[in-house]
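A.B. asks:
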Amino acid sequence: MNTKINVLVLLFFLFLVKQNSFSQGGFSHEVGLITGPIVFYSDFGQRYDFETNTGNVGFGVGLIHYINFSYSSDCNCYTRDVYFNDHFKIRSEIDYHKTNLQHYGKWVAPDRTSLTADQLRAMDGSSTVIEIGSQLEYFPFSIRDFAAGQYKIAPFISLGAHWVNFDPEVYSTIGTLNNPSTTPDKYYNAFQQEPASTWAVVGGIGIRYKLSPLSDLMLDSRWHFYFSDWVDGLNPTFENNGTVPVPENKANEWIYWLNVGYIYYIN
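Using this note's numbering, you'd call the opening residue of the sequence shown number 936 and step up by one each time.
1) Is the separation between the beta-carbon of R1026 and that of Q1070 shorter than 8 Å?
2) How many angstroms separate the CA atom of I1002 from the CA atom of V1064?
3) Hey, would you say G1060 sits closer than 8 Å to G1168, going by beta carbons?
4) Only counting the same chain, and skipping five residues up and downstream in sequence, which positions put a Cβ closer than 7 Å to that of A1052?
5) For A1189, collect the residues of the same chain with a Cβ closer than 7 Å to its Cβ; drop the 5 residues on either side in sequence, then sort them by chain order.
6) At what residue ranges does the stretch 1115-1141 contain a whole run of the alpha helix (DSSP H), taking only runs of 4 or more?
7) Going by DSSP, what residues sit across from W1027 in a beta bridge?
8) Closest by CA to M1058, which one among S1077, D1102, Y1123 and V1195?
9) Which residues bound the beta strand (DSSP E) around I1109?
10) Buried or exposed: where does F1205 fall if 16 or more other Cβ atoms within 10 Å of its Cβ makes it buried?
11) What would DSSP say about W1165, mapped onto helix, strand or coil?
12) Given 8 Å as the limit, is there contact between the stretch 1111-1127 and the stretch 1073-1084, that is, 3 or more CB pairs closer than that?
13) If you compare alpha carbons, which of P1103, L1055 and S1093 is closest to I1142?
14) Return the chain-ordered list of same chain residues with a C-beta closer than 6 Å to the C-beta of G967, the five sequence neighbours on each side being excluded.
15) Going by DSSP, what residues sit across from L1146 in a beta bridge?
16) May I ask you to report which of helix, strand or coil DSSP gives Q981?
17) List the endpoints of the continuous alpha helix (DSSP H) containing N1020.
18) Below 6 Å CB to CB, which residues in the same chain sit around D1164 once its five sequence neighbours on both sides are set aside?
19) Use the C-beta contact count for E965: other C-beta atoms within 10 angstroms, 16 or more gives buried, fewer gives exposed.
20) How is G1095 classed by DSSP in three states: helix, strand or coil?
21) Measuring CB to CB, does V1166 end up less than 8 Å from W1134?
22) Grouping DSSP H, G and I as helix and E and B as strand, with all else coil, what is E1188?
23) Report all residues from its chain with a CB closer than 6 Å to the CB of Y1200; omit the five preceding and five following residues, and keep chain order.
24) Determine the DSSP secondary structure at Q1085, reduced to helix, strand or coil.
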């Protein structure tokens, strides 16, 4: 818990430093809140399985800040009409999400009566994640025209990077892991319970809807690809004491986050 508090304090300080530096440049700012469900793709469950994708779903919230280059707070006027100013914004954010994880799919179906099936059904986990980072958002239509109310909807695409702090938990309801009665071969010495950090590439598409001259609603569809295979607490690279590869463990964790947000223009 202390680690998380220290991380949040550091990230909030960096956020304030960044906001102050751009404020001195006269650019305008927007703040907002986002929230919505997260589909967590991990080593829990079966790849391409509908029950896995609908079962391992968590929830996230985030605080966001935009630098709007199209308007200047110094003069309450539009900035010089260049393409970048009228089509790009920089978005910074702090996110928190948590997902409870279980094994789903054919290997834990009711007709499976093997010891491995029982072990998988008894294995549970969770991942608590804090992310901070920035994205560059591109609006194909004019940001100035949208702000002036010439149209109600503004689509965008985004790409950026996040620093990620994750705290996984993995356990079995039938006993302690890493013994023959509770743990399938490929999960021996293949889990961790300690917090750690990594990076993520974040990409998305979304739309804004103009509520008023100073507020928007946003629908954002995002993908976060993590640079670690430990975000869920599992990493079954080998089974049988590290001698046999696990071919189904092909990728690191990633999430799909569908969120809605409210954005307010502060200057």
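Every residue gets a Cβ at the ideal spot worked out from N, C-alpha and C, and that includes glycine.
C.D. replies: If we stick to the structure as given:
1) Your numbering for residue 1026 matches position 91 in the sequence shown. Your numbering for residue 1070 matches position 135 in the sequence shown. The answer is yes: Cβ separation under 8 Å.
2) For the purposes of this step, residue 1002 is taken as the residue at position 67 of the sequence shown. For the purposes of this step, residue 1064 is taken as the residue at position 129 of the sequence shown. Near 25 Å, if we compare the C-alpha coordinates of V1064 and I1002.
3) Within the sequence shown, residue 1060 is the residue found at index 125, counting from 1. Within the sequence shown, residue 1168 is the residue found at index 233, counting from 1. Yes, they are a contact pair.
4) Your numbering for residue 1052 matches position 117 in the sequence shown. For A1052, the CB contacts under 7 Å within the same chain, skipping 5 residues up- and downstream, are W1042 and V1043 in chain order.
5) Taking the sequence shown and counting its residues from 1, one reaches residue 1189 at position 254. Ala is not the amino acid found at residue 1189; the sequence shown has Trp there. These residues qualify, in order along the chain: Y976, W1158, H1159, F1160 and Y1161.
6) Counting only runs of 4 or more, we get nothing.
7) By one-based count along the sequence shown, residue 1027 stands at place 92. Going by the sequence as given, residue 1027 is Ser instead of Trp. In the DSSP output, where bridge partners are listed per residue, S1027 has H1000 and S1069.
8) Sequence index remark: in the sequence shown, residue 1058 carries index 123 (1-based). With distances taken between Cα atoms, M1058 lies closest to Y1123.
9) Locating residue 1109 in the sequence shown gives position 174, where the first residue counts as 1. From DSSP, I1109 is part of no beta strand (DSSP E); its letter is neither H nor E.
10) It is not possible to answer for residue 1205, since the shown part of the chain is limited to 936 through 1202.
11) Against the sequence shown, residue 1165 aligns to sequence position 230. Note: W1165 maps to coil in three-state DSSP.
12) Contact between the stretch 1111-1127 and the stretch 1073-1084 is absent, because fewer than three Cβ pairs lie under 8 Å.
13) For the purposes of this step, residue 1142 is identified with residue 207 of the sequence shown, where counting begins at 1. Relative to I1142, the option among P1103, L1055 and S1093 whose CA is nearest is S1093.
14) Translated into positions along the sequence shown, residue 967 becomes position 32. Cβ neighbours of G967 beyond the five flanking positions: I999, G1196, Y1197 and I1198.
15) Numbered from 1 along the sequence shown, position 211 holds the residue referred to as residue 1146. Secondary-structure assignment with DSSP links L1146 through no beta bridge to anything.
16) As a working mapping, residue 981 is identified with position 46 in the sequence shown. Q981: coil per DSSP, three-state reduction.
17) Here residue 1020 refers to the residue found at position 85 when the sequence shown is read from its first residue. Looking at the DSSP string, the run of the alpha helix (DSSP H) that includes N1020 is Y1018 to H1022.
18) Start at 1 with the first residue of the sequence shown, and residue 1164 comes out as number 229. These residues qualify, in order along the chain: N1170 and N1187.
19) Counted from its first residue, the sequence shown places residue 965 at position 30. Its Cβ being crowded by 16 or more others within 10 Å, E965 is buried.
20) The residue you call residue 1095 lines up with position 160 of the sequence shown. Annotated three-state conformation of G1095 is strand, per DSSP.
21) On the sequence shown, position 231 is the one that residue 1166 refers to. On the sequence shown, position 199 is the one that residue 1134 refers to. In this structure, W1134 does not lie closer than 8 Å to V1166 by Cβ.
22) Taking the first residue of the sequence shown as position 1, residue 1188 is located at position 253. In the structure shown, E1188 sits in coil (DSSP, three-state: anything other than H, G, I, E or B).
23) Locating residue 1200 in the sequence shown gives position 265, where the first residue counts as 1. Only residues of its own chain outside the window of five on either side were considered, and among them E965 and L1149 have a CB closer than 6 Å to the CB of Y1200, listed in chain order.
24) Here residue 1085 corresponds to residue number 150 of the sequence shown, with the count starting at 1. Per DSSP, reduced to three states, the secondary structure at Q1085 is coil, with no helix or strand assignment.
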